[in-house]
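Undergrad: In my numbering, the protein residues as written are 1217 to 1594.
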Ligand code: FAD
Ligand code: UDP
């Protein structure tokens, strides 16, 4: 079917686009044209078997599915089984390994103490008091007011400076909502009741989401190159960077980008866990991924393992991973949102379209909400 005959066009095959395409095809029963500029579907959740080791890994960084949203959990379970993996992160500081998020084990090990859970608050309050911060405004002050200056400087300051490329005092305090702080030995990275890794990987989910013969997937196809071939009145769901959609007319939104360095090691287990953070700013990467640990149920080779170092650097809408946020970007975003609301057949969403630090479950929840709006107009 030629492009101009499609009433529904979805730009981008990450979770936002793929869920909407699946809903339109299976519930509305309408054909969908899916345009994807990369050579694969799945957006940043794309996963693949590593050619040399056979280890299944996530090409754009380790992705753990976690949610407390029943609707999202029920929906995603129609397309995959999860393996029951629970995420635990460790961090290396001055050549010693600690638990992350900061919990009782981290605190006792760092201070060489044996505090009990009921003693931690008093201890941390005294540390916070020493810092003299009473009404925290920015990320740095908020972090110090939560854990005290010493723990902040060891485990948060350097990592955050590397990740965001700026002094943490310039970042919003809200970012800390992602990082739990615990006064017991719970080493779970997430609070959510449901989590895991898809048994067959993320790409298998996207194959199922997009399996309907009503969905035509065009890979290696940039929306901006084929826009002129689409029907004038087509309903467009755009999940790419919002500023690019309007040719940067209100300015560029800032992004952080990542690069990855893969290395095959001649040992079965390199670091004993799937993600090891590196807290010090002097170590150029933020974390090392070892994807074999994501699939304890798989029988991988015993003489080699895959490791992936992650580096963070400034980016732009050509390679967007993390929306930087902050006042300046919020002001630009607002102007683009006004543009979107003025267009009847245009729906914009996802991590790049909404310019929001969405996790996968939040992306799926947002896609299901947007689909409801599309259905009402159908
Ligand atoms: P994307 O996955 O970015 O998909 C957008 C798609 O649109 C891309 O495929 C892109 O190529 C395509 N596109 C863009 N412009 C065009 C165009 N002009 N024409 C055609 N196609 C276009 N979430 C979790 O829940 N758990 C995790 O552990 C987790 N880890 C993460 C780790 C990293 C390093 C990153 C960056 C994100 C992580 N996330 C995690 C978040 C997760 O990746 C996102 O929530 C999810 O991928 C967002 O899906 P999306 O569809 O909005 O965007
Ligand atoms: N963070 C930190 N030290 C760590 C891990 C995280 O200071 O060891 C901070 C950092 O600012 C980071 C934020 O917490 O950007 C959120 O961390 P998360 O693991 O959620 O980031 P993501 O996995 O999305 O990159």
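Where a beta carbon is used, it is the ideal one built from N, C-alpha and C, also for glycine.
Please read all numbers here as calculations on a predicted model, not as lab measurements.
Go ahead and label residue 1514 buried or exposed: buried means 16 or more other beta carbons lie within 10 angstroms of its beta carbon, across all protein chains shown.
TA: Here residue 1514 corresponds to residue number 298 of the chain shown, with the count starting at 1. Counting Cβ neighbours within 10 Å, residue 1514 comes out exposed, since fewer than 16 surround it.
Undergrad: In the DSSP assignment, find the alpha helix (DSSP H) that holds residue 1322 and state where it starts and stops.
TA: Counting from 1 along the chain shown, the entry for residue 1322 is found at position 106. First-last of the alpha helix (DSSP H) with residue 1322: 1320 to 1327.
Undergrad: Taking residue 1334 as part of the alpha helix (DSSP H), name the residues at either end of that continuous run.
TA: Here residue 1334 refers to the residue found at position 118 when the chain shown is read from its first residue. Note, residue 1334: alpha helix (DSSP H), 1333 to 1347.
Undergrad: Could you tell me if the beta carbon of residue 1573 falls within a distance shorter than 8 Å of some heavy atom in ligand 2?
TA: Mapped onto the chain shown, residue 1573 falls at position 357. Yes; taking the cut-off as 8 Å, the Cβ of residue 1573 has a heavy atom of ligand 2 nearer than that.
Undergrad: Beta-carbon distances below 5 Å to any heavy atom of ligand 2 define the shell here; list its residues in chain order, please.
TA: Working through the chain, the matches are 1307, 1316, 1372, 1375, 1376, 1379, 1394, 1395 and 1493.
Undergrad: Specify the secondary structure class of residue 1242 as computed by DSSP and reduced to three states.
TA: For the purposes of this step, residue 1242 is taken as residue 26 along the chain shown, with counting starting at 1. Three-state DSSP puts residue 1242 in a helix.
Undergrad: To the nearest angstrom, report how far apart residue 1355 and residue 1384 are at their CA atoms.
TA: On the chain shown, residue 1355 is found 139 positions in, with the first residue counted as 1. On the chain shown, residue 1384 is found 168 positions in, with the first residue counted as 1. So the alpha carbons of these two residues sit roughly 6 Å apart.
Undergrad: At a cut-off of 8 Å, is residue 1541 close to ligand 1 when judged by its beta-carbon and the heavy atoms of the ligand?
TA: Against the chain shown, residue 1541 aligns to sequence position 325. No, ligand 1 has no heavy atom inside 8 Å of this Cβ.
Undergrad: Report whether the distance from the Cβ of residue 1457 to the nearest heavy atom of ligand 1 is below 8 Å.
TA: Position 241 of the chain shown, counting from 1, holds the residue named residue 1457. Within the cutoff, so yes.
Undergrad: State the Cα-Cα distance for the pair residue 1408 and residue 1217, rounded to the nearest angstrom.
TA: Residue mapping note: residue 1408 aligns to position 192 of the chain shown, counting from 1. Residue mapping note: residue 1217 aligns to position 1 of the chain shown, counting from 1. Approximately 43 Å, taken between the alpha carbons.
Undergrad: One question on the structure: do residue 1258 and residue 1505 come within less than 9 Å of each other, judged by their Cβ atoms?
TA: Taking the chain shown and counting its residues from 1, the one referred to as residue 1258 is at position 42. Taking the chain shown and counting its residues from 1, the one referred to as residue 1505 is at position 289. Contact: no.
Undergrad: Looking only at C-alpha atoms, which of 1492, 1543 and 1474 sits nearest to residue 1530?
TA: Along the chain shown, read from residue 1 onward, the residue named residue 1530 stands at position 314. Considering only alpha carbons, the answer is 1474.
Undergrad: Comparing the CB of residue 1552 with every heavy atom of ligand 1, is any distance shorter than 8 Å?
TA: Taking the chain shown and counting its residues from 1, the one referred to as residue 1552 is at position 336. No.
Undergrad: Ligand 4 and residue 1239: does any heavy atom of the ligand fall closer than 8 Å to the residue's C-beta?
TA: Ligands present in the displayed structure are limited to ligand 1 and ligand 2, and ligand 4 is not among them.
Undergrad: State the beta-bridge partners of residue 1226 as determined by DSSP.
TA: Start at 1 with the first residue of the chain shown, and residue 1226 comes out as number 10. Answer is 1250 and 1453.
Undergrad: Could you tell me if the beta carbon of residue 1341 falls within a distance shorter than 8 Å of some heavy atom in ligand 1?
TA: Position 125 of the chain shown, counting from 1, holds the residue named residue 1341. No - ligand 1 has no heavy atom lying nearer than 8 Å to the Cβ of residue 1341.
Undergrad: Which residue or residues does DSSP assign as beta-bridge partners of residue 1380?
TA: Along the chain shown, one-based indexing puts residue 1380 at 164. DSSP output for residue 1380 lists no bridge partner at all.
Undergrad: Just to confirm, are residue 1422 and residue 1267 a CB contact at a threshold of 9 Å?
TA: Start at 1 with the first residue of the chain shown, and residue 1422 comes out as number 206. Start at 1 with the first residue of the chain shown, and residue 1267 comes out as number 51. No. Outside cutoff.
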